[in-house]
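Written out below as C-alpha cells is the structure these notes cover.
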Amino acid sequence: SQETIDSAMRAISAMASDSMTETQIENLLLAKDFSECVVYITEEGITVAVPAPADGLSTAQVATITDVIVSETDYTAPQIKVIEVKADAQ
C-alpha cells in the first residue's frame, strides 16, 4: 500500500540523515584530535566510542565531545553517552 511505501521512505530518509550526522560529528571530533571515534545515533540518544589514554578522558575532553554533539544535533547532554576505548597493553 502507499502508506507502507511512505513509511518505509520516511524510515530510509531518517537513517540516511542520521548516517550523515554521524559522519559529520566524527569529522568534527577528528578535527579536535579525537582520532578513530565512532558515533551512533538512535532515537534515544547518541553514543560515542573514543580512544582514551590509560588514565581516561579528562572532564574537558568529555565536555568538548558533548559540546560538538549538542551543537550539531537536537540532543541534550543527558542523551549523550561517551564510551572510553582503552588500548590493550601488549
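Under the numbering used here, the first residue of the sequence shown is numbered 10, with each subsequent residue one higher.
Cβ atoms here follow ideal geometry from the backbone N, Cα and C, with glycine treated the same way.
Which whole-angstrom value describes the C-beta separation of residue i and residue j, a residue pair presumed to lie in contact below a C-beta threshold of 8 Å?
{"i": "valine 91", "j": "valine 71", "result": "6 Å"}
{"i": "valine 100", "j": "alanine 58", "result": "Here the chain covers residues 10 to 99 and nothing more, so residue 100 does not appear."}
If you drop the 5 nearest sequence neighbours on each side, which residues of the same chain put their C-beta closer than 7 Å to that of residue i?
{"i": "alanine 40", "result": "none"}
{"i": "isoleucine 34", "result": "Val48, Val77, Ile78 and Glu81"}
{"i": "glutamate 31", "result": "Val48, Tyr49 and Ile50"}
Rounded to a whole number of angstroms, what is the C-alpha to C-alpha distance between residue i and residue j?
{"i": "serine 10", "j": "valine 79", "result": "38 Å"}
{"i": "serine 28", "j": "isoleucine 55", "result": "12 Å"}
{"i": "aspartate 42", "j": "methionine 18", "result": "36 Å"}
Please indicate yes or no: does the CB of residue i lie closer than 7 Å to some heavy atom of the ligand ADP?
{"i": "valine 79", "result": "The model on display carries no ligand, and the ligand ADP is accordingly not part of it."}
Whose CA, out of the options, lies closest to the CA of residue i?
{"i": "alanine 20", "options": "Glu45, Thr51, Phe43 and Leu37", "result": "Thr51"}
{"i": "alanine 63", "options": "Thr73, Ala96 and Ser16", "result": "Ala96"}
{"i": "serine 44", "options": "Ser26, Ser22, Ile74 and Ile89", "result": "Ile74"}
Original post:
What are the start and end residues of each continuous beta strand (DSSP E) run of 3 or more residues lying completely inside the segment 32-74, in chain order?
Top reply: Taking only runs of at least 3 residues, the beta strand (DSSP E) segments lying wholly in the segment 32-74 are 47-50 and 55-61.
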